[in-house]
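Top to bottom, those sequences are chains A and B. Following full-length UniProt numbering, the numbering of the first sequence begins with 1 at its first residue and continues without gaps. Following full-length UniProt numbering, the numbering of the second sequence begins with 1 at its first residue and continues without gaps. Think of the CB as a built atom: it goes at the ideal place given N, C-alpha and C, for glycine as much as any other residue.
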Amino acid sequence: MNNFDYGAAAELKDAFIQVNENAANAFLAGGTNLIDLLKYNLVKAEKLVDINPLPDYHGIEETSDGKVRLGALLTNADTAYHPLIETNYPLLSRAILAGASAQIRNMATNGGNLLQRTRCYYFYDANVPCNKRNPGSGCSAIPGYNRTMAILGTSEYCIAVFPSDMCVALAALDATVDVSSAEGNRSIAFADFHRLPGNTPHLDNNLQHGELITGITLPKKGFEKNYSYLKLRDRNSYAFALVSVATALDLDGDRIKEARIALGGVAHRPWRVKEAEDLLQNQTATRENFAAAADLILKGAKGFEHNSFKIELAKRAIIRNCMMALHPESQMPGAQPSA
Amino acid sequence: MNSELDLKPAAVFTSKTRQITLNINGISRGLEVLPYVTLLDALREYLDLTGTKKGCDHGQCGACTVICDDKRILSCLSLAVAKDGAEITTIEGVSTGNDLHPLQQAFIDHDAFQCGYCTPGQICSAIGMLSEGKAKTRADVKELMSGNLCRCGANMSIIDAIMEVKDGGGHE
């Protein structure tokens with residue numbers, strides 16, 4: 001780690017003043033990713049502005065129009081185990097609990113979860129080219145060992161994946177991200193928050209320096225009756241997803257009124273395809289119909305030398321998870337496939 | 001090496017030591033640390049509390065687990081300055097005098113370690129897990145203890161030991 005300075009901010013205004021002193025100043029919340037990146041010298045900060053003392057953003061509140069706002073500084077664990085989230089947004093609870101370890105979920109915040117960097121091993125290896133770490137230097141993953149890399153939305157510059165589980169559920173739930181800065185406030189639709197790599201893979205998302213996530217707003221509709229999160233990985237727990245799927249269904253008997261399907265572990269952001277969800281509308285909840293939707297979701301998927309298996313794996317995971325969503329009570333700890 | 005990764009001279013960065021207080025195992029300890037000192041290094045190098053172990057130092061193994069303000073956390077990914085005023089329990093503080101914590105005794109009874117390096121983190125993590133109260137089944141315990149790796153392969157015995165304490169003496 002470089003020899004950075006530290007300042008605690010107890011007021012929002014002070015947090016913005018401190019972070020805007022220098023373009024290399026950064027906010028510190030849970031620190032579970034930032035401290036690690038600093039240790040590897042992949043990020044260098046002039047000063048960390050600790051926002052944990054801010055009095056707001058540590059809770060969960062229901063808004064007057066029936067939405068639910070998650071404080072950005074609330075931990076992932078306290079969010080997943082909050083009675084309102086367990087009851088009304090169980091898909092989000094399941095996805096959060098499939099990520100990281102219990103200790104990390106006790107530290108990591110909701111705002112920080114959105115801002116975690118890829119775990120691409122070439123991004124972490126400072127001795128090799130990486131367009132995300134060092135723009136213009138090249139991508140080592142494309143000709144390298146790319147088993148864990150993306151199959152959708154890739155570019156010739158980057159095939160890294162965004163590693164969050166929580167964000168896969170937030171994408172499926174159509175959350176919005178509430179942002180503040182010295183200039184004011186804005187809200188960003190979840191689909192517009194994270195970016196595809198294109199020719200600017202060093203930009204993970206559309207947040208600007210000096211902007212702070214203050215909360216995440218969930219629409220009223222939580223799909224609490226029929227939902228499932230499935231995470232497939234190289235070990236049963238405490239590993240990033242090879243493929244994950246969040247499914248939320250609104251059913252009338254066996255007829256699908258509305259379907260949401262989001263994938264994790266396959267792209268530079270959570271992956272949703274509106275045409276596939278539209279295809280399921282007013283159809284019956286059958287394996288065949290979910291398979292047709294899976295084909296649409298994976299349309300254009302492109303494998304690399306070591307990760308083409310992910311295309312078939314994702315298709316099967318979508319079908320399996322949609323069937324699991326019909327019986328959410330059968331779900332296993334750690335978002336493993338149910339029997 | 002990429003030139004962007006060459007560290008700038010330290011003089012560019014102008015941090016100062018901070019006076020902080022940590023309440024560790026019921027004792028208030030004052031110390032001066034630079035901002036980049038982790039809680040783990042503060043415990044081990046500044047306060048000689050070497051029971052907490054440095055395994056990977058990157059949040060992947062759980063050996064550095066301590067209980068901070070009633071939550072199990074990773075001390076390697078925490079900055080000491082950001083924990084000013086916190087209540088911290090380390091492995092040195094879980095027994096009562098010469099009476100071992102029930103989990104310590106259960107680990108001995110179940111042969112739940114070989115080299116012992118991961119054990120302080122395992123026990124602090126298990127204490128945190130039991131106080132969280134979310135584990136109902138053995139499968140839940142395995143899932144909620146997955147942040148603590150044991151490279152000797154004592155995992156089954158570790159889960160046995162925790163299940164004994166969780167269920168008040170019974171075995172599955």
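Residue pairing of A:Gly264 in beta bridges, as defined by DSSP: A:Ser244. Across the set A:Ala171, A:Ala292, A:Trp271, the C-alpha of A:Ala171 shows the shortest separation from the C-alpha of A:Thr217. Against A:Tyr81, the close residues of chain B are Lys134, in the order they occur along the chain (beta-carbon pairs closer than 7 Å). Around the beta carbon of A:Glu46, 16 or more other beta carbons lie within 10 angstroms, which makes this residue buried. Taking 8 Å as the cut-off, the beta carbon of B:Lys136 is found no closer than this to the beta carbon of B:Ile159.
One thing to note: A:Leu196 has its Cβ no nearer than 8 Å to the Cβ of A:Arg119. Along the region 37-70 of chain A, going in chain order, the ones with a CB nearer than 9 Å to a CB of chain B are Leu38, Lys39, Tyr40, Asn41, Leu42, Lys44, Ala45, Glu46, Lys47, Leu48, Asp50, Asn52. Among the residues facing chain B, A:Met107 is included, as its CB has a counterpart in that chain under 8 Å away. In this structure, B:Cys76 lies away from B:Gly51, with their beta-carbon atoms at least 8 Å apart. With distances taken between CA atoms, A:Leu97 lies nearest to A:Phe240 out of A:Asn134, A:His209, A:Phe240, A:Lys67. Boundaries of the beta strand (DSSP E) around A:Lys47: 47-50. With fewer than 16 other Cβ atoms inside 10 Å of its own Cβ, B:Cys115 counts as exposed.
Under the 8 Å criterion on CB atoms, B:Ser78 is classed as interfacial with respect to chain A. Look at A:Ala15 here: in three-state DSSP terms it is helix. Taking 8 Å as the upper bound for CB-CB distance, A:Met324 and A:Leu230 are in contact here, some 6 Å apart. Nearest Cα to B:His101 within the set B:Cys124, B:Ser28, B:Asp48: B:Cys124.
Within 8 Å of the CB of B:Ser131, no CB atom of chain A is found; the nearest one sits about 11 Å away.
Closer than 8 Å to the CB of B:Asp140 there is at least one CB belonging to chain A. For B:Ala139, the closest C-alpha among the options B:Met163, B:Gln122, B:Tyr117, B:Leu149 is that of B:Met163. For B:Ile73, at least one C-beta of chain A is nearer than 8 Å to its own C-beta. No residue range can be given for A:Asn33, since it is assigned to no beta strand (DSSP E) and is classified by DSSP as neither H nor E. Within chain A, the residues whose beta carbon sits less than 9 Å from that of B:Ala82 are Tyr6, Ala8, Leu28, Gly31, Leu48, Asp50, Asn52, listed in sequence order. Restricting attention to A:Leu326, A:Thr109, A:Phe223, the CA atom closest to the CA of A:Asp50 is found in A:Thr109. C-alpha of A:Asn88 to C-alpha of B:Ile27: approximately 42 Å in a straight line. Within the region 25-39 of chain B, Leu34, Pro35, Tyr36, Thr38 place their CB atoms closer than 8 Å to a CB of chain A, listed in sequence order. In the pairwise beta carbon analysis, the region 52-65 of chain A is classified as not touching the region 115-132 of chain A: fewer than three pairs are separated by under 8 Å. Within the region 144-230 of chain A, the alpha helix (DSSP H) runs of at least 4 residues that lie entirely inside it are, in chain order, 166-172. Contact annotation, A:Ser228 with A:Thr247: C-beta distance approximately 5 Å; criterion of less than 8 Å satisfied. Note: B:Glu32 is bridge-paired with B:Gln19 in the DSSP secondary-structure output. A:Tyr6 places its beta carbon less than 8 Å from that of B:Ser15. Between the alpha carbons of A:Gly138 and A:Leu37 lies a distance of about 20 Å. If you check the CB distance, A:Ala24 and A:Lys39 do not come in under 8 Å. With a cutoff of 8 Å on beta-carbon distance, B:Gly147 and A:Gln103 are scored as near each other.
DSSP, reduced to helix, strand and coil, places A:Thr118 outside both helices and strands of the structure shown, so it counts as coil.
The beta-carbon of B:Asp41 is placed no less than 8 Å from the nearest beta-carbon of chain A. Uninterrupted alpha helix (DSSP H) stretches at least 4 residues long and entirely within the region 67-146 of chain A occur at 76-80, 83-88, 90-97, 102-107, 110-115, 121-124, given in chain order.
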